[in-house]
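This report refers to the structure that appears directly beneath it.
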Amino acid sequence: MRTLERVRRLTWAQRRLVLEAAAGLVSALLQVRLVPFWRVAAWHGWESGNAKPSALDDEQLAVARDVGRLVSAVGRRTPWKSTCLMQSLTVATLLRRRGLGSVTHLGLAPKEDGYDAHSWTVAGERILVGAAGHRRFTMVASYRVSPA
357 MRTLERVRRL
367 TWAQRRLVLE
377 AAAGLVSALL
387 QVRLVPFWRV
397 AAWHGWESGN
407 AKPSALDDEQ
417 LAVARDVGRL
427 VSAVGRRTPW
437 KSTCLMQSLT
447 VATLLRRRGL
457 GSVTHLGLAP
467 KEDGYDAHSW
477 TVAGERILVG
487 AAGHRRFTMV
497 ASYRVSPA
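Its first residue numbered 357, the sequence shown is counted upward by one per residue in the working numbering.
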C-alpha cells in the first residue's frame, strides 16, 4: 500500500499525531546532537530510578499504542536516522501531553570495539518503541515520566 493511501486512511487525530511525531523527532534530533544528555533528561522531566510503568486502562493503552506506532512509522521515514533514543524522547513527550506516564530504559551490550547502546519506552506493560532486540541489552538506567 502506498504511503499516500495510508495517510488517507488515518483519522484526523492520527494525522495530527503524525505531524506532532515529525516535529518531535526533529526536536529530538537537535537535542541529541547538540545538548548534553543530563540536560535533555531534565528538560523532559525524566526522573532517574528503576521505575515501574503506571497501569493503563484499555482506552489509555490504545492511545499509547497509537503514539508508539505512529512515532515508529514516522521515524522510519525521516531523512536522517531516527535513533531509538530520539523515538523514546518523542514518545515520552507525546504521552505526557496526553496525560499518560511512561518509563524509558537505557541499556548497553558489549561488542568487539566497545558497547552498543539502546533505549526502549514502556507504557503500561507494553513496549512502544525500541522493542526489537531490547533483551540483549543490560539495563543501566531507567527514567520515569509522570503524567502532566
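All residues carry an ideal CB built from backbone N, CA and C; glycine is no exception.
By the criterion of a C-beta distance shorter than 7 Å, S404 is surrounded in its chain by A497 and Y499, once the five residues flanking it on both sides are discounted. For S475 against S444, the beta-carbon gap comes to about 4 Å, under 8 Å, which counts as contact. Cβ-Cβ distances below 7 Å link T446 to A377, G380, L381, A384 and V427 in the same chain, with the five nearest sequence neighbours on each side left out; the list follows chain order.
Given a length threshold of 4 residues, each whole run of the alpha helix (DSSP H) inside the region 357 to 389 is given here in chain order: 359 to 365. Nearest Cα to V430 within the set P503, V501 and R362: R362. In chain order, L464 and A465 place their CB closer than 7 Å to the CB of Y471, counting only its own chain and leaving out the 5 sequence neighbours on each side. Here L412 carries a coil assignment [DSSP, helix/strand/coil].
The three-state reading of DSSP puts T449 in helix, counting H, G and I together.
DSSP places W476 within a strand segment (E or B) once states are collapsed to three. Nearest in C-alpha terms to V423, of all of D414, L441 and T449, is T449. Judged by beta-carbon spacing, W402 lies within the 8 Å limit of T460, meaning their Cβ atoms are closer than that value. Secondary structure note for R395: its alpha helix (DSSP H) is the uninterrupted segment F393 to W399. Leaving aside the five residues that flank S502 on each side, the residues in its chain whose CB is nearer than 6 Å to its CB run, in chain order, G457.
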